[in-house]
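One structure below.
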Amino acid sequence: MPGAPSIPDSSPFLDYLRDVGTMTGMKQTTQKMADTGHVGSARAPRTPPAQRRQLLLDAAERLLAEGGSDALRMDALARAGGVTRPVVYDHFGDRDGLVVALLERHAARVRAHVAAAEVPGAPFEDELQAATRAYLEVACRHGSAMRALVSTQHLSPVTEAARRSNWDGAAAHWAARYRTHADLTPRDATALATAHLAALAALAGSCIEGRLSITRATELHVTSTLAALQSVSVRLKELRS
16 MPGAPSIPDS
26 SPFLDYLRDV
36 GTMTGMKQTT
46 QKMADTGHVG
56 SARAPRTPPA
66 QRRQLLLDAA
76 ERLLAEGGSD
86 ALRMDALARA
96 GGVTRPVVYD
106 HFGDRDGLVV
116 ALLERHAARV
126 RAHVAAAEVP
136 GAPFEDELQA
146 ATRAYLEVAC
156 RHGSAMRALV
166 STQHLSPVTE
176 AARRSNWDGA
186 AAHWAARYRT
196 HADLTPRDAT
206 ALATAHLAAL
216 AALAGSCIEG
226 RLSITRATEL
236 HVTSTLAALQ
246 SVSVRLKELR
256 S
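Residue numbers (the numbering used here): 16 to 256.
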């Protein structure tokens, strides 16, 4: 018809309709959508699963930072990540699985940053200072999301167990280091390490809120930790004599 708009022979939408026009095409299109996680053209390049997982965790942290724990829903993550909900469930299973993945990712960040800051063979005080600063730097960089995530009122038994496992691992590490520096029993060293980690988390909160600098928080934690180790060690020696 003269003046009528021409209909293109090919477009992503027309290709999609042709694909789903047969049962075989529908199955192939459904598989491609599951592989790519995209709703729309089946020609979208596939994102490697490991990369897709990291992108979804990035999106989850943004949701937490912007809206708190209540904003972390599987449907909201699917929208934020530009994927279908089945893709999110395929990666994490359920919301608890997502929270555990976020906790493990944050713990891995802390361990990696602390390890990079440490100098082999350095004195205990230098090791403590480097590790403290490294922890606070990670906390300030990702702290808003993590603080929203670990509010105890939002943790299920599964996610609390994951949080506790990471916490206990850090406490065990520092308890072992304390015993190389001071004359402490394993129980006392673990108790002190647990208390000091709680204090450090509180200092990190002050840094995140802008009420304390990382440098000042590091000084406070290192000074108080060294003083406590010295005081307890001396007191225990007096009790034994």
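For every residue, glycine included, the Cβ atom is placed at its ideal position computed from N, Cα and C.
DSSP state of residue i, grouped into three classes?
i: V125; result: helix
i: R226; result: coil
i: A163; result: helix
i: G96; result: helix
i: S171; result: coil
i: V153; result: helix
i: R61; result: coil
i: E119; result: helix
i: L215; result: helix
i: P135; result: coil
i: L113; result: helix
i: R88; result: coil
i: R184; result: Looking at the sequence itself, residue 184 is Gly, so the reference to Arg does not match. Here G184 sits in helix by DSSP.
i: G108; result: coil
i: A19; result: Confidence is the limiting factor: at A19 the pLDDT is only 47, short of 50, which leaves the residue's position unreliable and the question unanswerable from this model.
Which one of the options has the shortest CA to CA distance from residue i?
i: T209; options: S221, A243, I223; result: A243
i: A154; options: P172, L118, G220, V173; result: G220
i: A213; options: I229, R67, A185, A191; result: A185
i: R148; options: R68, L79, I229; result: I229
i: H106; options: L72, A80, R162; result: L72
i: A190; options: R178, A206, A123, G136; result: A206
i: G136; options: S256, R192, A217; result: R192
i: P116; options: H211, Q66, T174; result: Note that residue 116 corresponds to Ala in the displayed sequence, not to Pro. The candidate whose alpha carbon is nearest that of A116 is T174.
i: L79; options: P63, A163, R110; result: A163
i: A217; options: L70, R120, Y150, R88; result: Y150
i: E81; options: S159, P60, S180, R120; result: S159
i: A176; options: T195, Y104, V114, H196; result: V114
i: R124; options: M161, R110, L92, E140; result: M161
i: P138; options: D109, A204, L241; result: L241
i: A204; options: N181, D111, L251; result: L251
Between which two residues does the alpha helix (DSSP H) carrying residue i extend?
i: A197; result: It is not in any alpha helix (DSSP H) - A197 carries neither H nor E in the DSSP assignment.
i: T233; result: 229-255
i: P64; result: 64-82
Self-check item: Touch test, the region 124-138 against the region 86-102, Cβ-Cβ under 8 Å, three pairs minimum
Solution: no
Quiz item: Are at least three pairs of beta-carbons, each pair with one atom in the region 144-156 and one in the region 231-238, less than 8 Å apart?
Solution: yes
Quiz item: So does the region 221-236 actually touch the region 184-201, counting three or more Cβ pairs closer than 8 Å?
Solution: no
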